[in-house]
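Residue numbers (this note's numbering): 10 to 196.
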């Protein structure tokens, strides 16, 4: 976990980026680069995807840098936006593979209570994206927890810190989100 000066540095860089400094977003992203690569590596390992870790982090950056005015206000917010961008990159890649005339198959994503859990359900990336969109309409924070956990690769403690909630609240929201997703997958 970065020290307070690192978080402050990222916050200052993000303020500069919002004020129009084109290089500031790149500097903020660079400050978090190792953490973003760790999250991407965990996600890709879980998904058993052939996508390269560095490529995923760079594609996520391109989505953030090329999009509308960046609204990230601090380190945690930038990490959350990066997780969402990684999700979009992986979903776009899955759609492209699905559309491939040679039948490029989608990689499966394992959705379980915890890594190594016996109680798992297998969901394709595109199906999970649709389910997350539905969950987002019902409970935005629960959807954000799933997104940070599965597309960002963050631990429960890291997510609770990012969202400014207690571990207990996170676990309660995670149980609700997981129950919703599993019920929808079985429907």
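Note that beta-carbon positions come from the ideal geometry of N, C-alpha and C, so glycine has one too. Nothing here was measured: the structure is a model prediction, and the numbers come from that model.
- Straight-line measurement puts the Cα of residue 191 at about 44 Å from the Cα of residue 30.
- In the assembly as shown, residue 164 is an exposed residue. Its beta-carbon has fewer than 16 other beta-carbons within 10 Å.
- Shown here for residue 90: same chain residues with a beta carbon closer than 7 Å to its own, the five before and five after excluded, namely 73, 81 in chain order.
- Residue 138 and residue 100 have their alpha carbons spaced roughly 7 Å apart.
- Rounded to the nearest whole angstrom, the CA to CA distance from residue 189 to residue 153 is 14 Å.
- Between the stretch 61-75 and the stretch 144-151 there are fewer than three C-beta pairs closer than 8 Å, too few to call the two in contact.
- In the DSSP assignment, residue 175 falls outside any alpha helix (DSSP H) and carries neither an H nor an E.
- For residue 182, same chain residues with a beta-carbon under 7 Å away, outside a window of 5 residues either side, are 150, 151, 154 in chain order.
- Within a 10 Å sphere around the beta-carbon of residue 92 sit 16 or more other beta-carbons, which makes this residue buried.
- A Cβ-Cβ separation of about 14 Å leaves residue 21 out of contact with residue 41 under the 8 Å criterion.
- Cβ neighbours of residue 43 within its own chain (closer than 7 Å, five residues either side excluded): none.
- In summary, residue 177 is exposed, with fewer than 16 beta-carbon neighbours lying within 10 Å of its beta-carbon over all protein chains present.
- Scanning its chain for C-beta atoms nearer than 6 Å, with the 5 sequence neighbours on each side dropped, one finds around residue 45 the residues 66, 91, in chain order.
- Here residue 107 is near residue 135, since their CB atoms are less than 8 Å apart.
- Distances from the CA of residue 60 to each of 39, 98, 17 were compared; the closest alpha carbon is that of 98.
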